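Okay, structure first, notes after.
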C-alpha cells in the first residue's frame, strides 16, 4: 500500500437510497446489514485481487466474537459472512461492493484495507461507517415483509399516542425524530452506557446482532433506575426541578438534554414518555417499533394475576396496595423473530421501559412475545407474567377498616382489565384496536381457559393464598346496583355534572347510605388531593331506581387538578343488612381546543406564516402562557414563544414563520400551557410542495 492515506468515496447518496437511510443527516455512511454497499478508494497498488479488508467494531474486536471480519475479493456475495466483490477499477482507484451477513453485529465499524502481495505493510484506514438492522432483508431477524409497515414502524418520525381512559379515549401527536441531528450517535452511546457494557464490553458488543438482547438492554437504559439512564420517572403530581411529563412533544429534546448534561437523567418521564423515547431509539437502529396504549392496565406487583384495591368507609380510595389499575399505560412492541422460543412466538414483542417491577434485578421488561401472552404461555422469556397481568388480571375491590385492619370484599371483576388496546394505523392518523392480538374475547370460555392455564403455569392453582377472597365472599350478591352517569360537558374550566343512579335489585325495600368523594388523581389513579365530599341517605322501594345529581364546580376542583386532568368519583353505599356496594368512575377532562392555521401554501425553502389561535374559556385571567412548536423539516429545533396574560374570554392569535426544508406531508406539533391549563396539545399535517 502506498504511504499516502487512501481517500475514500462512500457514495453516500446512492448507498443511503438503496439502504433506506436517506433521512439521516450525516456525513458518515449509514447502511443496513445483509445488503451490499459501494465504496471507492484510491492509493492502492495493483493487483486488486490481493486486497484484504478488515471491518471491526467495539473496544476489543475479535473474529470469535464476530466483532471483526477479514475478507478478500471474491467473485460472488457470501450470505454467511462479510464479502467484497470488485465493481470497477481505473488507473488510480478501485470500486468495491461490500456485503455484511444478515446477522452482523450492529454499530459503528472501522474499515481498513491491506495489500497482501506487498509483504508486511500495515492496513490503511478507509474510515468508519454505521451498520443498522435491516427489516427490508429476508435474512434479518427483524425482517418485515409488508413494505408499508416498514415505512411506518422504521421510517416514520411522527406518531400518535392514545391516552385518557376506557370511557373517553383521547390522543396527542409526538415527534419521534429518529433521523434528526445527533440522535443516532446518542443511541449508540446509550448502548455503551448500559450495565452490560460496563461489566463486559466485548461480550456486550458481540450480542448486538440480536434484537431481543438490544430491546431488553434499551428497555433498561431509557429509565434512570439502576444505570443513570435517560429519563427519571415521577408520578407525584409535583414536577418541580424538571419538566412536567405532559409538556414534552418529542423525543429529540429529551435525548439531546441527556447528552448535553453529561448523561444525567432528564426530569421527568411517565409511561408514554418512556415508550416514545424507546420507539425513537429502536426505529433509529432499524428495529420496527410502535407504541401501544392499554386502557385499565393492571400493575400486578406480587405476581398473583390479581389486583387488589382498598377503600375506607367514606369511599376514599386508599393508596395502600402495591397493586394498581392505571387509567392507561403505554408500552412498546417491536417486530422480530424468536429463535429462542420457536416460530409461533415471532412477530410483535412487548418491551416496556417504564420502571414498574424489577426483572433479573433491574428495571427492564421484555421482550415478551405477544402471541405467548395471548395463549397464556407465561413461563416463556421474558416477563410474560407481568405483561399477561397488565391485560388480564382479575380485580378485587375491598372495604378496609384502618382501626381494626379488617378487610371485606365488596366485589370482584374479571372483565375490567385490558380494554381498547390501541396503536396508530399504518400510513394514517387513526386509532387501530389490537385487543384481540393480546387475548381472546373477554368473557368467552376460551379467554377464561387461558387465564386458568396461566395461573396453573405460575403455580397459583395449588398454592394457598391467605390474601385471596373466600368462595363465600365471591358468591355474595349485592342488593343494589349503582353507577355515575355523565350529565354535561367534560371540560377543564366547566363545572362537572354527574348523576348517581341507584337501583334496588330486590323485591323488598332497602335503606342505603352513600358516602361520596371526589379526588384529583394522576393517570395511574393514584389519589393526589381531595376535591369534594358529600353523603346521601335514601330508602329505595322494591325495584326502584333513583337519581341524585352531583355537581362539582370548577372553583372546587381547579386548584387541585393535576396535569392529567383526571378526577376519581366514588360512592361507597352501605346497605342495611346487605354487602357494601362500591360505585366509581374515573373522569378525564378535556382541555380547551387550540387551532392552527397555515396561511398560504407551504413550499420548500419559502417562508410561510402560521397562526395559532386560543380563546381563554374561563372567567378569570390566565397567566404564564407559553407556546411551544416543533416539527421535522418545518423548523429547526423547538420554537418557544412567551405570550401575555389573557383576560376572561379573550382570544390570542400568535403568528410565526416556517421555512420547510423538504416536500411531502409533515407534522407541526403545538403545546400551549399556562397557569390554569397544563399542556394543551394539537398537531397539524402540513403538505409541503415544490
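In the working numbering, the protein residues as written are 13 to 702.
The C-beta atom is built at its ideal place from N, Cα and C for all residues, glycine as well.
This one's a predicted model, so the numbers in the text were calculated from it and none came from an experiment.
Practice problem: Out of 629, 259, 189, point me to the one whose CA is closest to residue 645's CA. | Solution: 189
Exercise. For the stretch 315 to 326 and the stretch 402 to 412, state whether three or more C-beta atom pairs, one from each stretch, are separated by less than 8 Å.
Key: yes
Quiz item: Would you report the Cα separation of residue 382 and residue 436, rounded to the nearest angstrom?
Solution: Between residue 382 and residue 436, the C-alpha separation is close to 17 Å.
Quiz item: Does DSSP put residue 634 in a helix, in a strand, or in coil?
Solution: strand
Quiz item: At what residues does the beta strand (DSSP E) containing residue 407 begin and finish?
Solution: 406 to 413
Exercise. Label residue 361 either buried or exposed according to how many other C-beta atoms from any shown protein chain fall within 10 Å of its C-beta, with 16 as the threshold for buried.
Key: So residue 361 counts as buried.
Self-check item: Helix, strand or coil at residue 684 according to DSSP, with G and I counted as helix
Solution: strand
Quiz prompt | Residues near residue 128 in its chain [Cβ-Cβ closer than 8 Å; skip 5 each side] | solution = 62, 63, 64, 84
Quiz item: Among 253, 368, 495, which has the Cα closest to the Cα of residue 309?
Solution: 368
Self-check item: Where residue 449 sits in the DSSP three-state scheme
Solution: If DSSP states are grouped into helix, strand and coil, residue 449 belongs with the helices.
Quiz item: By Cβ distance below 7 Å, which residues in the same chain neighbour residue 249 in space, the five residues on each side in sequence not counted?
Solution: 534, 540, 574
Quiz prompt | Per DSSP, cross-strand counterpart(s) of residue 148 | solution = Paired residue(s): none; residue 148 is not in a bridge.
Quiz prompt | 8 Å contact criterion, which residue 114 and residue 146 should meet: CB distance rounded | solution = 7 Å
Exercise. Assuming residue 195 contacts residue 294 (C-beta within less than 8 Å), just tell me the rounded distance between them.
Key: That pair is no contact at about 12 Å.
Quiz item: Apart from the five residues on each side of it in sequence, which residues of its chain come closer than 6 Å, Cβ to Cβ, to residue 564?
Solution: 508, 530, 544
Exercise. Tell me, please, which residues DSSP counts as bridged to residue 162.
Key: None, per the DSSP bridge assignment.
Quiz prompt | First and last residue of the uninterrupted beta strand (DSSP E) at residue 561 | solution = 557 to 564
Quiz item: In terms of alpha-carbon separation, which member of 206, 324, 224 lies closest to residue 275?
Solution: When each option's Cα is compared against that of residue 275, the closest is 206.
Quiz item: Does the stretch 383 to 390 come within contact of the stretch 296 to 306, defined as at least 3 CB pairs closer than 8 Å?
Solution: Flag = no, the stretch 383 to 390 and the stretch 296 to 306 do not touch.
Exercise. Taking 8 Å as the cut-off, decide whether the C-beta atoms of residue 675 and residue 702 are in contact.
Key: yes
Quiz item: Relative to the C-alpha of residue 256, which residue among 696, 657, 689, 624 is closest?
Solution: Taking only the C-alpha atoms, the option nearest residue 256 is 689.
Quiz item: What is the DSSP secondary structure of residue 308, counted as helix, strand or coil?
Solution: strand
Self-check item: C-alpha gap between residue 576 and residue 342, whole angstroms
Solution: Put simply, the backbone Cα of residue 576 is about 15 Å away from that of residue 342.
Quiz item: Closest by CA to residue 657, which one among 126, 635, 666, 639?
Solution: 635
Quiz item: Ends of the beta strand (DSSP E) at residue 462?
Solution: Per DSSP, residue 462 belongs to no beta strand (DSSP E); it is in the alpha helix (DSSP H), 457 to 469.
Exercise. Keeping to the same chain, check which residues put their C-beta closer than 7 Å to that of residue 432; ignore five residues upstream and five downstream.
Key: Answer for residue 432: 178, 181, 307, 445, 447, listed in chain order.
Self-check item: Inter-residue Cα distance where the pair is residue 163 and residue 260
Solution: Cα atoms of residue 163 and residue 260: separation of roughly 25 Å, rounded to the nearest angstrom.
Self-check item: Residue span of the alpha helix (DSSP H) that contains residue 377, given as start and end
Solution: Here residue 377 belongs to no alpha helix (DSSP H), and DSSP marks it neither H nor E.
Practice problem: Compute the distance between the beta-carbons of residue 237 and residue 280, then report whether it is under 8 Å. | Solution: The beta carbons of residue 237 and residue 280 sit no closer together than 8 Å.
Self-check item: Whole beta strand (DSSP E) elements within the stretch 496 to 527, 3-residue minimum
Solution: 508 to 516
Quiz item: Residues bridged to residue 396 by DSSP?
Solution: DSSP lists no partner for residue 396.
Self-check item: Length of the line joining the Cα atoms of residue 175 and residue 434
Solution: 9 Å
Exercise. May I ask which residues mark the beginning and end of the alpha helix (DSSP H) holding residue 708?
Key: For residue 708 there is no data in the structure shown, the boundaries of the chain being 13 and 702.
Quiz item: Rounded to a whole number of angstroms, what is the C-alpha to C-alpha distance between residue 633 and residue 625?
Solution: So the alpha carbons of these two residues sit roughly 17 Å apart.
Practice problem: Determine the direct distance from the alpha carbon of residue 52 to that of residue 13, and round the result to whole angstroms. | Solution: The predicted position of residue 13 is uncertain, since its pLDDT is 44 and thus under 50; a value taken from the coordinates is nonetheless stated next. As the crow flies, the alpha-carbon of residue 13 is around 15 Å from that of residue 52.
Quiz item: Taking DSSP as the reference, what is the three-state secondary structure of residue 650?
Solution: Residue 650: coil per DSSP, three-state reduction.
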